[in-house]
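Colleague: The sequence shown begins at 9 in our numbering and counts up one residue at a time.
The C-beta atom is built at its ideal place from N, Cα and C for all residues, glycine as well.
Predicted model, so just to flag it, every value in this text is computed and none were measured.
Structure incoming, see below.
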Amino acid sequence: MNKIYVILLIGMAFSCSGEAEKSLTAQEIVDKSIEASGGQLFEDRTVSFDFRDRHYISEMKGKKKTLTRILKNDTIYMKDVRTIEGLQRFVNDTLVTLSDSLANVYANSVNSVHYFAKLPYGLNDPAVQKEKIGEITIDQKAYYKVKVTFEQASGGDDFDDTYIYWINKKTFTPDYLGYSFHVNGGGTRFRVAYNERIVNGIRFVDYENLKPKDSNASIFDADSLYINGGLELLSKIELKNVIVSPDSYN
9 MNKIYVILLI GMAFSCSGEA EKSLTAQEIV DKSIEASGGQ LFEDRTVSFD
59 FRDRHYISEM KGKKKTLTRI LKNDTIYMKD VRTIEGLQRF VNDTLVTLSD
109 SLANVYANSV NSVHYFAKLP YGLNDPAVQK EKIGEITIDQ KAYYKVKVTF
159 EQASGGDDFD DTYIYWINKK TFTPDYLGYS FHVNGGGTRF RVAYNERIVN
209 GIRFVDYENL KPKDSNASIF DADSLYINGG LELLSKIELK NVIVSPDSYN
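As structure tokens, this is what we get:
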């Protein structure tokens, strides 16, 4: 009887553990992912890095942020500065007048690079809508699948894009992400994180950027396509010279 009782207790423990695991909501998964990737440090550290031929700086003071992009060569010094008020462009330290439409294009471009560089931090922005849509095993590791969409009112020009994040069930790091987009003819992309490093407490990665061999493939099938060789490498997204300020503003 004692052996049977012990077996029952072990079975109940595993059952309760499984139920607790399944009870995690999309919000809880994202919160854990942000915490595992830097947590509060995202809120009050200055981050700078180089991406392709430009230098990027994000200055955080709580929820207030200034995003900067700098292009410098032998003939020009151009700086785009994006704040909550909009974007300003400086060329050789002189403010340049931009049309609203052009300023919006530049602002979105600056924001996009900073957004991807600091994932998963941006997944708690007010416009983000999250939904847990399943689980999958990739390379013998278990992942939550979290779908992300954006409210039209405050989600920017690409509010109708759909993202999926594959968040490691053990480490809570977002090791894969995919998205479907509609601009420039639309398409689907799948990114594989690599070269993970922690810089003063914040996680950064580079990505292999892949696309489906079948142009009609759905974003919801991107993981199975990856597993079965249905994707091809399009480019690599690499951040260089990443620096995180060691001190808080507060």
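#1: Grouping DSSP H, G and I as helix and E and B as strand, with all else coil, what is H5?
#2: Ignore the nearest five residues each way along the sequence and tell me which others in S162's own chain have a CB closer than 8 Å to its CB.
#3: For F158, tell me which candidate among K177, K138, D147 has the shortest Cα-Cα distance.
#4: Assign S56 to one of three DSSP states: helix, strand, or coil.
#5: Closest to N8 by C-alpha separation, out of D255, R62, E246, Y187, would be which residue?
#6: What separation, rounded to the nearest whole angstrom, lies between the Cα atoms of N100 and A125?
#7: Considering Cα atoms alone, identify which of K219, I227, V213, Y234 is closest to E246.
#8: With DSSP run on the structure shown, which of helix, strand or coil describes E216?
#9: Is it the case that the region 199–207 contacts the region 35–43, given that we only count it when at least three CB pairs across the two stretches are under 8 Å?
#10: With DSSP run on the structure shown, which of helix, strand or coil describes F180?
#11: Hey, S45 and T196: beta-carbon distance below 8 Å or not?
#12: Taking DSSP as the reference, what is the three-state secondary structure of A150?
#13: Is there a Cβ from chain B that is less than 8 Å from the Cβ of D133?
#14: Does DSSP put E240 in a helix, in a strand, or in coil?
#15: Apart from the five residues just before and just after R62, which ones in its own chain have a Cβ nearer than 7 Å to its Cβ?
#16: Determine the extent of the beta strand (DSSP E) in which Q160 is found, giving its start and end residues.
#17: Would the beta-carbon of V118 fall within 8 Å of that of L75?
#18: Out of curiosity, what's the CA-to-CA distance linking E204 and K149?
#19: Is it right to say I92 is buried, meaning 16 or more other beta carbons lie within 10 angstroms of its own, or is it exposed?
Modeller: Checking against the coordinates, here is how it stands:
#1: In the structure as shown, the chain begins at 9 and stops at 258. Residue 5 is therefore absent and cannot be evaluated.
#2: Locating residue 162 in the sequence shown gives position 154, where the first residue counts as 1. Note that S162 scores a pLDDT of 49, beneath 50, so its modelled location is shaky; the value from the coordinates is reported in the next line. For S162, where only same-chain residues beyond five positions count, the Cβ hits under 8 Å are P134, A135.
#3: Looking up residue 158 in the sequence shown gives position 150. Per the Cα distances, K138.
#4: For the purposes of this step, residue 56 is identified with residue 48 of the sequence shown, where counting begins at 1. The three-state secondary structure of S56, taken from DSSP, is strand.
#5: The first residue shown for the chain is 9 and the last is 258, placing residue 8 beyond what the model contains.
#6: For this step, residue 100 is matched to residue 92 along the sequence shown. For this step, residue 125 is matched to residue 117 along the sequence shown. Distance between the alpha carbons of N100 and A125 is about 27 Å.
#7: Taking the first residue of the sequence shown as position 1, residue 246 is located at position 238. Checked all of K219, I227, V213, Y234; the closest Cα to E246 is V213.
#8: Within the sequence shown, the letter at position 208 stands for residue 216. Strand.
#9: No: fewer than three Cβ pairs fall under 8 Å.
#10: Within the sequence shown, numbered from 1, the residue matching residue 180 stands at position 172. In this structure, F180 counts as coil in the three-state DSSP scheme.
#11: Position 37 of the sequence shown holds residue 45. Position 188 of the sequence shown holds residue 196. In this structure, S45 keeps its C-beta atom at 8 Å or more from the C-beta atom of T196.
#12: Numbered from its first residue, the sequence shown carries residue 150 at position 142. Strand, per DSSP.
#13: Within the model displayed, chain B is absent; a lone protein chain is all it includes.
#14: Locating residue 240 in the sequence shown gives position 232, where the first residue counts as 1. Note: E240 maps to strand in three-state DSSP.
#15: Taking the sequence shown and counting its residues from 1, one reaches residue 62 at position 54. Answer for R62: R77, I78, L79, listed in chain order.
#16: Numbered from its first residue, the sequence shown carries residue 160 at position 152. Where Q160 is concerned, there is no enclosing beta strand (DSSP E), because DSSP gives it neither an H nor an E.
#17: Position 110 of the sequence shown holds residue 118. Position 67 of the sequence shown holds residue 75. In this structure, V118 sits near L75, with a CB-CB distance shorter than 8 Å.
#18: Within the sequence shown, the letter at position 196 stands for residue 204. Within the sequence shown, the letter at position 141 stands for residue 149. Approximately 17 Å, taken between the alpha carbons.
#19: Looking up residue 92 in the sequence shown gives position 84. Counting Cβ neighbours within 10 Å, I92 comes out exposed, since fewer than 16 surround it.
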